[in-house]
Amino acid sequence: MMEIFLAIVVFVGIHSLRQRKKQGLPNWPFVGMLPSLIFGLRKDMYEWISDVLCRMNGTFTFRGPWFTNLNCVVTSDPRNLEYLLKTKFSNFPKGDYFRSTVRDLLGDGIFSADDEIWQKQRKTASIEFHSAKFRNMTTDSLLELVHSRLLPVLEDSIKQSVPIDLQDVLLRLTFDNVCMIAFGVDPGCLHPGLPKNPFAKAFESATEATILRFVTPTLVWKTMRCLGLGTEKMLKHSLKKVDEFANEVIRTRKKELSLASSEDSKQRSDLLTVFMGLRDEQGRPFSDKFLRDICVNFILAGRDTSSVALSWFFWLLNRNPEVEERILAEISKILNEREDAIKEEPLIFKPQEIKKMEYLQAALSETLRLYPSVPVDHKEVVEDDVFPDGTVLKKGIKVVYAIYAMGRMEGIWGKDCREYRPERWLRDGRYKSESAYRFSAFNGGPRLCLGKDFAYYQMKFAAASILYRYHVKVVEGHPVMPKMALTMYLKYGLQVNLSRRHQSHLNNKY
Ligand code: HEM
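Residues -16 to -1, 1 to 494 (mature numbering (1 follows the signal peptide of the UniProt record, and there is no 0)) make up the sequence shown, in order.
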């Protein structure tokens, strides 16, 4: 008996391990590929996924334990991405599983909605994002935040000769900025002394607790929610604070708008005011709950993405000083074209100057290629389908697209894909954009990031304003690795020392 048992164990073991070649990972009875996933989570999960995808020519099917819904197709093949995000868009929505998991935080907002509810918000917001008034409001609020908050905070760290967590400071900058865009109010996270802001804190806790639901069996978190236990208790508490803040802003704005003359109300171009002025099919104004959902979703979409990208950018510049030199040369050249030269104090970059910074744009795109702010994303399959690479997709299965891994595929970017080389984005010295299905940091197709143009402007303006004034040096020995979250934060922040840059250094560049 013992010998038969041992023979079966050895056979199952060898068979499971041989699946590695065919399926990418060993596939064990009962637990499927879960042991490999746990191993991957202990190290760097994004590198682990990239490694499997490189071995499997860009696509593999992850098989979870029996009787769980963890099965999913993982892909980094641009042909599949185009099919998923554009060609068969309607067959791959966000889906009910995603929506029910994030409903308490995001409600029916743009980030979680599908079909008509999504379409309506997308159309209205898209018109607004492209209007001159909205663009002026976003650039003005950014200018104000950078010059009256960000730069003084950085200057303070020099005066006190202490290192500063640049990621934390940048996260505060973009949080204040996106609240001004969505709600038209400034939460003041980047005030001197970097105060703790109850709304920002509640928003962060609510997001973290919502994300935990994705790795907790549905029945378990729903039971915890009913009983008010653990992270679900924390989520309820945080959501109460988020809602109180949102409802207060909505109430005050309604009052302001009812008192103001229509000319005054036309001056405001934040998303809350714009959506308040709209009516549904029956001619009724939107409910306060729907207005709250719209604003909360925009804050989530636009709050951390640009700041984490900027943090990776400054880290990469430290490792690639020749890139920093080229950015400074570009800034000097643009400033030398000014009629008033650099005399203006304080120096403020003009929108048309930011537009001309094409090498800086290339360096930021190259950062996002290697460290995309959203490293993986997913969709659900509505009807049975087949990917262009031949992978069969069963109704209901999830498809994960691995954006981080795409930046490390030789088939897409060539043998030097792991190198930081902004030059790959230039043709004859001009910036040339890439197909959204090869460079998917901003998603693609009908759900392409709505804030893409603004995000580039925001990152370029902040980066140029900092680099023009300061040399940013990462603290020796500071550990740098990604945090396992939906957004690619640096796990330990980015501790840097700043020193003032002498103007002669800049003027000599060109
Ligand atoms: C470097 C900065 C940014 C990156 C890398 C980025 C990336 C993305 C990605 C990957 C998505 C798709 C998410 C999904 O559907 O699951 C997305 C959607 C979106 N982004 Fe961005 N984003 C950035 C900045 C911003 C900013 C600053 C805003 C707003 C001020 C914004 C607004 C949105 C909105 C509203 C959507 C939802 C679009 C839709 O579903 O139709 N993003 N973004």
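Ideal Cβ placement from N, Cα and C applies to all residues, glycine included.
Assign residue i to buried or exposed, taking buried as 16 or more other Cβ atoms, counted over all protein chains shown, within 10 Å of its Cβ.
i, result
"N161", "buried"
"R431", "buried"
"N281", "buried"
"V163", "Contrary to the premise, residue 163 reads as Cys rather than Val in this sequence. Its Cβ being crowded by 16 or more others within 10 Å, C163 is buried."
"N64", "buried"
"I315", "buried"
"C210", "exposed"
"Q479", "buried"
"D400", "exposed"
"P466", "buried"
"I22", "exposed"
"F450", "Note that residue 450 corresponds to Ile in the displayed sequence, not to Phe. So I450 counts as buried."
Is the Cβ-Cβ distance between residue i and residue j less than 8 Å?
i, j, result
"L434", "S110", "yes"
"L68", "V456", "no"
"S349", "Y385", "no"
"T108", "G168", "no"
"M17", "V292", "no"
"L474", "S295", "yes"
"A389", "S60", "yes"
"A133", "L174", "Going by the sequence as given, residue 133 is Arg instead of Ala. Yes."
"Y452", "L331", "yes"
"Y343", "P406", "yes"
"G429", "F73", "yes"
"L25", "V58", "no"
"I338", "K444", "yes"
"D254", "I165", "yes"
"Y421", "Q345", "no"
For residue i, name the three-state secondary structure that DSSP assigns.
i, result
"Q266", "coil"
"K143", "helix"
"Y494", "For Y494, the predicted structure reports a pLDDT of 49, less than 50, and the residue's modelled location is therefore unreliable. A value from the coordinates is still provided. Here Y494 sits in coil by DSSP."
"D369", "strand"
"S488", "helix"
"P430", "helix"
"C56", "strand"
"N231", "helix"
"A190", "helix"
"G168", "coil"
"P359", "coil"
"H114", "coil"
"E407", "helix"
"S125", "helix"
"H221", "helix"
"L255", "helix"
"K475", "coil"
"L178", "coil"
"L377", "strand"
"F95", "coil"
"P201", "coil"
"M(-16)", "coil"
"K457", "strand"
Pick from the options: whose alpha carbon is nearest that of residue i?
i, options, result
"G477", "Q151, M(-15) and F23", "Q151"
"S290", "L157, K225 and K339", "L157"
"P62", "T71, L54, C56 and S125", "T71"
"V458", "N481, T471, E216 and A439", "N481"
"Q442", "D288, P305, G261 and K6", "D288"
"S242", "L470, D254, S253 and G261", "G261"
"Q7", "L354, T43 and K467", "T43"
"H462", "I148, T191 and K143", "I148"
"G286", "F438, R106 and S253", "F438"
"F159", "L284, L470 and F118", "L284"
"T191", "L470, S419 and L490", "L470"
"K334", "A448, L21 and D264", "A448"
> So does the stretch 5 to 18 actually touch the stretch 42 to 52, counting three or more Cβ pairs closer than 8 Å?
Replying inline: yes
> Are the stretch 361 to 368 and the stretch 62 to 79 touching, with three or more C-beta to C-beta distances below 8 Å?
Replying inline: yes
> Touching or not, the stretch 190 to 207 and the stretch 127 to 139, by the rule of three or more beta carbon pairs under 8 Å?
Replying inline: no
> For the stretch 270 to 281 against the stretch 226 to 235, are there 3 or more C-beta pairs whose distance is under 8 Å?
Replying inline: Touching, yes, given that three or more Cβ pairs across the two stretches are closer than 8 Å.
>> Does the stretch 170 to 183 come into contact with the stretch 134 to 148, if we say contact requires no fewer than three beta-carbon pairs (one atom in each stretch) closer than 8 Å?
In response: yes
>> Count Cβ pairs between the stretch 298 to 313 and the stretch 185 to 195 that sit closer than 8 Å; are there 3 or more?
In response: no
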